[in-house]
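S.K.:
Numbering (my numbering), first residue to last: 239 to 331.
Next up, the structure:
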């Protein structure tokens, strides 16, 4: 029974981490689309964290519109983190 509990705890932790990563990316997309004040400390922190999390997908797409590049690049990273995190958690359960 303890291996099941530890598997569930690990799965829960993985899901929480994946959800937080996707939340940060989603917040940056929303802040970008709403033209948040980039001089604000919170906005800067979210932007830096999202840049780090989406470093591999940030410039993957070359749409003409900047908003489309942000939504596609950061959105792809969020979806991938959610999919992988929840799949790994499902396997652990």
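Positions of the beta carbon are idealized from the N, C-alpha and C atoms, including for glycine.
Can you list, in chain order, the residues of its chain with a C-beta nearer than 7 angstroms to that of residue 255? Leave out the 5 residues immediately preceding and following it.
M.R.: Your numbering for residue 255 matches position 17 in the chain shown. Counting only Cβ-Cβ distances below 7 angstroms, and skipping sequence neighbours, we find 323.
S.K.: Relative to the C-alpha of residue 294, which candidate in 316, 248, 258 and 253 has its C-alpha closest?
M.R.: Mapped onto the chain shown, residue 294 falls at position 56. Comparing Cα-Cα distances from residue 294 to each of 316, 248, 258 and 253, the minimum goes to 316.
S.K.: Kindly indicate which three-state DSSP category residue 339 falls into: helix, strand or coil?
M.R.: This structure gives no information on residue 339, because the portion of the chain shown stretches from 239 to 331.
S.K.: Work out the CA separation of residue 305 and residue 270 for me, nearest whole Å.
M.R.: The residue you call residue 270 lines up with position 32 of the chain shown. The residue you call residue 305 lines up with position 67 of the chain shown. Roughly 8 angstroms separates the two Cα atoms.
S.K.: Could you tell me whether the Cβ atoms of residue 267 and residue 319 are closer together than 8 angstroms?
M.R.: Against the chain shown, residue 267 aligns to sequence position 29. Against the chain shown, residue 319 aligns to sequence position 81. Contact flag unset, no.
S.K.: Note down the Cα distance separating residue 278 from residue 284, rounded to an integer number of angstroms.
M.R.: Working through the chain shown from its first residue, we reach residue 278 at position 40. Working through the chain shown from its first residue, we reach residue 284 at position 46. In a straight line, the C-alpha of residue 278 is about 10 angstroms away from that of residue 284.
S.K.: What would DSSP say about residue 296, mapped onto helix, strand or coil?
M.R.: Along the chain shown, one-based indexing puts residue 296 at 58. Three-state result, residue 296: coil.
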